[in-house]
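Asker: Heads up, the numbering used here is the position in the sequence shown plus 483, with the first residue counted as 1.
Glycine included, every Cβ here is placed at the ideal spot set by N, Cα and C.
Please read these numbers as outputs of a predicted model, since none were measured by experiment.
Just passing along the structure, written as structure tokens.
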Amino acid sequence: MESGILQLATTTGMGILSIPSGAAILNFLQSDIPRYAGETLTHLRFVIVLAGLVVGILVGMTGVGGGILLTPLLIFLGVRPTIAVGTDLFYASVTKMVGIQEHRRRRSIRWDWVLYMGMGSIPASLIASYLVHYISLKYASAEEIMHVALGVVLLFSAGITLFNEIYWKSRRRADDELQVVDPKSHAVKVILLGVLVGFMVGLTSLGSGAIVAVALVAFSGLPGASIVGTDIAHALIMTSSASIAHWHFGTVDLNLAINLLIGSIPGAMVGSRMAYFVPSRPLKVGMAILVLAGGLRMFV
């Protein structure tokens, strides 16, 4: 009885494998999976994983956007600026997709602010992404222009962060004294803020966190948790739209992004736990000074 069942199973299996789809499945199991696994190990670059780990820890500890740290770091490691920007946008959209869940659960996202900023930032980020591609086609390379643009935005982001940590936070009123602003009543200004940030992000991948957060702190009247949640939600839709454009133009290195995520996801978890024991303000100031130096380095 058992031999009859075994013979039937063998005959059935051989019959399945004799048809084209069955042969394709067998080839996939025997050849393609080992090849893909080998390619993944080949593309595993431990320096990039370590860079993602360090950036993830710092972001988890301070909340400062990873772009102002990661993009210049990738360039200093030899990645072309256009690839560094496109890959960082893809990487940022994935990490923010993970980070937004907790804020959505706690209802700390003001979707009206996200909507009005997105009305400006999404088209502006797409236009900037297309501009990078157009310059590459027209002038063969956009790398020099990207260096200058990155330097300007790095200096601006570092200056905004220092201003927020050293001056503005000491002057703003407590959350319970603030009057929450309706973005609809200042629609033009909020949309223009989105245009400014969206263009910078599409061009350089920088500014989605630091600049929007400071603007929300200064003008929205939102409590701290809502500022963080709203900033992340807006950054998610903006970086996602820009990363899709960069993917279409071929400036996203998927293997590089995977290496970064391998390091940054556990790094962010560790950094988030360390944030309860390490004061974030000195770290933010120190990181802003480091970013300032990186921005100046772009012009040298």
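Could you pull out every residue in the same chain whose Cβ sits closer than 8 Å to the Cβ of ALA740, ignoring the five residues on either side in sequence?
Answerer: Walking along the sequence shown from the start, residue 740 turns up at place 257. Closer than 8 Å at the Cβ level, and outside the excluded window around ALA740, lie THR570, PHE573, TYR574 and VAL577.
Asker: Near ILE674, which residues of its chain fall below 7 Å by C-beta distance, leaving aside the five closest residues on each side in sequence?
Answerer: Along the sequence shown, read from residue 1 onward, the residue named residue 674 stands at position 191. TYR599, MET602 and GLY603.
Asker: Just to confirm, is the Cβ distance from ALA718 to VAL697 under 8 Å?
Answerer: Numbered from its first residue, the sequence shown carries residue 718 at position 235. Numbered from its first residue, the sequence shown carries residue 697 at position 214. No, the pair does not count as a contact, with Cβ atoms beyond the cut-off.
Asker: When you compare only the Cα positions, how much space is there between GLY733 and SER724?
Answerer: By one-based count along the sequence shown, residue 733 stands at place 250. By one-based count along the sequence shown, residue 724 stands at place 241. Taking the straight line joining both Cα atoms gives about 15 Å.
Asker: Can the beta-carbon of ILE540 be found less than 8 Å from the beta-carbon of GLY778?
Answerer: Taking the first residue of the sequence shown as 1, we reach residue 540 at position 57. Taking the first residue of the sequence shown as 1, we reach residue 778 at position 295. No. Outside cutoff.
Asker: I need the boundaries of the alpha helix (DSSP H) containing LEU556, first residue and last residue.
Answerer: Locating residue 556 in the sequence shown gives position 73, where the first residue counts as 1. Counting along the chain, the alpha helix (DSSP H) containing LEU556 begins and ends at 550-559.
Asker: Looking at the unbroken alpha helix (DSSP H) that takes in ARG682, where does it start and where does it end?
Answerer: In the sequence shown, residue 682 corresponds to position 199, counting from 1. Rather than Arg, the amino acid found at residue 682 in this sequence is Phe. Its alpha helix (DSSP H) spans residues 670-687.
Asker: Hey, how far is the Cα of TYR613 from the Cα of LEU638?
Answerer: Along the sequence shown, read from residue 1 onward, the residue named residue 613 stands at position 130. Along the sequence shown, read from residue 1 onward, the residue named residue 638 stands at position 155. Cα-Cα distance, rounded: 24 Å.
Asker: Look at HIS630 and PRO555 and say whether their C-beta atoms are less than 8 Å apart.
Answerer: Here the question's residue 630 lines up with position 147 in the sequence shown. Here the question's residue 555 lines up with position 72 in the sequence shown. No. Outside cutoff.
Asker: Distance check for TRP594 and ALA716, CA to CA, integer angstroms please.
Answerer: For the purposes of this step, residue 716 is taken as the residue at position 233 of the sequence shown. For the purposes of this step, residue 594 is taken as the residue at position 111 of the sequence shown. Their backbone Cα atoms lie some 8 Å apart in a straight line.
Asker: Say yes only if the C-beta of GLY642 is nearer than 7 Å to one or more non-hydrogen atoms of the ligand GTP, and no if none qualify.
Answerer: You won't find the ligand GTP in this model; it holds no ligand whatsoever.
Asker: Return the chain-ordered list of same chain residues with a C-beta closer than 8 Å to the C-beta of PRO765, the five sequence neighbours on each side being excluded.
Answerer: Position 282 of the sequence shown holds residue 765. Nothing meets the Cβ criterion.
Asker: Taking the alpha carbon of GLY677 as the point to measure from, which residue in ILE727, ARG756 and THR722 has its own alpha carbon closest?
Answerer: For the purposes of this step, residue 677 is identified with residue 194 of the sequence shown, where counting begins at 1. Nearest of ILE727, ARG756 and THR722 to GLY677, Cα basis: THR722.
Asker: Give me, in chain order, the residues of the same chain whose beta-carbon lies closer than 7 Å to that of LEU792; leave out the 5 immediate sequence neighbours on both sides.
Answerer: The structure shown does not extend to residue 792, since the chain spans only 484 to 783, so no value can be given for it.
Asker: Check each candidate in GLY707, VAL562, ALA701 and ARG589 and name the one with the smallest Cα separation from ASN647.
Answerer: To locate residue 647, count along the sequence shown from 1; it is residue 164. Nearest C-alpha to ASN647: ALA701.
Asker: Which residue marks the beginning of the alpha helix (DSSP H) containing ASP595, and which one marks its end?
Answerer: Working through the sequence shown from its first residue, we reach residue 595 at position 112. First-last of the alpha helix (DSSP H) with ASP595: 594-622.
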